[in-house]
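Quick note on the working numbering: the sequence shown kicks off at 1100 and runs consecutively. Cβ atoms here follow ideal geometry from the backbone N, Cα and C, with glycine treated the same way.
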Amino acid sequence: METNINLEFRLQEESPTDWNQNLLKSDLGNIFNTPEYAQYAKSRLGWKPLFLSMINSNGNIVSQTILFEIQRKKLGKFSRLTKLVFNKLKIRWIYGPVILLEQNPMIVNSFLKYLANNYKKLDGTTHPLLGTEFRMPSLQFQKWSTFIIDLRQPRESILANMDKKSVRKNIERAEERGVKVFEITDSTIIDYHKILNQHRLENGNKEYDLEDTVELWKLLKPIGFGGYLAKKDNEIIGGITFSFFNKYINEWGIARTKLDATEKLYSQDLLKWKIIEWGMVNKQKFYDFSGVNPNPQSMKEVGILRYKRKWGGIQREYLIIQR
């Protein structure tokens, strides 16, 4: 245990029993800081989770964040005949720190100072609802962004904010062309996995292991994870999974087939809209379209930014913090 500016830092290898209950007290509480996601990261990614609690002088927990220890093996020359293997430790966190009481910049600065004083290699992101006014000379800060729809608005307002000529029109086109949307189940998660890997290969990305997809589904579903498949004439043409822990929807794996693209079936637009509709019906708070470069460096990034902006969400910046 360490103290810093009247804050105690408690680092544990096992999750406290009230961890998720505390996360639900704040809009910043998110699925990436749950023991369930930590279990997935440990078993499938090989990351070691550490549960960091920050406690004030009154004994109240003011922040919780899961830190992941990631070991990277690197060969180093010892002589011409011998090589040593060095383990390089990196600390990673996602959408943290989770502030449980008032959003006090001092808490974030203390969190960053703690990390800077205790670890050499850092790689983390803040939450889009937290703000970006944090700095520390020894760390590198890069602004990233996402678009967030407030699902507590009236349905008419959400629709009105969407681009009429593209997003709303594409949703209508998908429905007119016979695209149907179905909820992903335990028995169809494998179908989703197949088209996800097909989509990744077509875009030059590495395939996911089936065990990774199934394990993620099984661990996160009880606390808020689901998905939809799109079909045309009973053939799967697209899919999206999403998390919704703490009434905060995050997009995960997006899958699209060649058939959807060549026949212009617009399944992705319809799938997103179905998730937004589901969120409104089920009293969710926010829909996060996931990260996008606010200063695009390629035509691909320009296209991604343009597409996500058309959905009418508020652009919120967050920080990528590294050393």
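- In angstroms with no decimal places, state the Cα-to-Cα distance between I1294 and R1276. 20 Å
- Message: Three or more C-beta pairs under 8 Å: does that hold for the segment 1153 to 1164 against the segment 1190 to 1202?
- Response: yes
- Query: P1321 to E1306, Cα distance in whole Å?
  - Reply: 25 Å
- Counting Cβ pairs, one atom from each stretch, are 3 or more of them under 8 Å apart for the segment 1328 to 1337 and the segment 1230 to 1237? no
- Task: Hey, could you find the ends of the alpha helix (DSSP H) Q1241 is sitting in?
- Result: Segment 1239 to 1249 is the beta strand (DSSP E) holding Q1241; no alpha helix (DSSP H) there.
- Quick one: grab the DSSP three-state call for G1378. helix
- Query: Going by C-alpha distance, which of E1112, L1370, G1323, E1107 is nearest G1158?
  - Reply: E1107
- Start and end of the beta strand (DSSP E) containing G1338? 1334 to 1342
- Just checking my contact of E1416 with W1192 at CB under 8 Å: how many whole Å lie between their CB atoms? Rounded, the Cβ-Cβ distance is 18 Å, inconsistent with contact.
- Message: If I measure Cβ to Cβ from L1318 and keep anything under 7 Å in the same chain, skipping five residues before and after, which residues do I get?
- Response: E1135, Q1138, Y1139
- Message: So V1283 and G1326 are supposed to be a Cβ contact under 8 Å. How far apart are they, rounded?
- Response: A small correction: the amino acid at residue 1283 is Ile; Val does not occupy that position in the sequence shown. With 8 Å as the limit, I1283 and G1326 qualify as a contact, their Cβ atoms being about 4 Å apart.
- Task: Could you name the residues of the same chain whose beta carbon sits closer than 7 Å to that of L1180, not counting the 5 residues immediately before and after it, in chain order?
- Result: Note that L1180 has pLDDT 49, beneath the 50 cutoff, so the model's placement of it is unreliable and the number below is only indicative. There are no such residues.
- Task: Output the boundary residues of the beta strand (DSSP E) element that contains W1316.
- Result: That residue, W1316, is in no beta strand (DSSP E); its alpha helix (DSSP H) goes 1309 to 1323.
- N- and C-terminal bounds of the beta strand (DSSP E) containing Q1396: Taken as a continuous stretch (DSSP letters only), Q1396 belongs to no beta strand (DSSP E), as it is neither H nor E.
- Near T1312, which residues of its chain fall below 6 Å by C-beta distance, leaving aside the five closest residues on each side in sequence? H1292
- Tell me which same chain residues have a C-beta within less than 7 Å of the C-beta of P1148, skipping the five on either side of it? A1137, A1140, K1141, I1165, F1167
- Task: Mark I1374 as exposed unless 16 or more other C-beta atoms lie within 10 angstroms of its C-beta, in which case mark it buried.
- Result: buried
- Query: Within the 8 Å Cβ cut-off, does I1420 reach chain D?
  - Reply: Absent from the structure: chain D. Only one protein chain is present.
- Message: Let me check one thing: in DSSP terms, what residues is P1148 bridge-paired to?
- Response: F1167
- Endpoints, beta strand (DSSP E) assigned at N1349: 1347 to 1355
- Message: Considering only the alpha carbon of each residue, which of K1399, R1405, I1419, N1216 lies closest to F1246?
- Response: R1405
- Where N1129 falls, given that 16 or more other Cβ within 10 Å makes a residue buried: buried
- Can you list the beta strand (DSSP E) stretches of 3 or more residues lying completely in the segment 1190 to 1276, in chain order? 1220 to 1224, 1239 to 1249
- Message: How far does the beta strand (DSSP E) with R1415 in it extend, from its first residue to its last?
- Response: 1413 to 1421
- Item | Among E1255, N1392, E1362, the one whose alpha carbon lies nearest that of E1376 | E1255
- Distance between beta carbons of S1114 and F1150, contact taken as under 8 Å: 5 Å
- Measuring alpha carbon to alpha carbon, tell me which of M1261, D1249, D1290, L1315 ends up nearest P1227. D1249
- Message: Going by the DSSP bridge assignment, what does Q1138 pair with across the sheet?
- Response: For Q1138, which the question treats as bridged, DSSP gives no partner whatsoever.
- Taking R1109 as part of the beta strand (DSSP E), name the residues at either end of that continuous run. 1106 to 1111
- Query: In whole angstroms, what is the alpha-carbon distance linking N1121 and I1160?
  - Reply: 8 Å
- Between L1258, W1316, L1300, which lies nearest to S1286 when the distance is taken from Cα to Cα? W1316
- Inter-residue CB distance, F1240 and L1418 (contact presumed, cutoff 8 Å): 5 Å
- Throw me the rounded Cβ distance for the N1155 and N1105 pair, which I believe falls under 8 Å. 7 Å
- May I have the straight-line CA-CA distance separating D1222 from L1211, to the nearest angstrom? 11 Å
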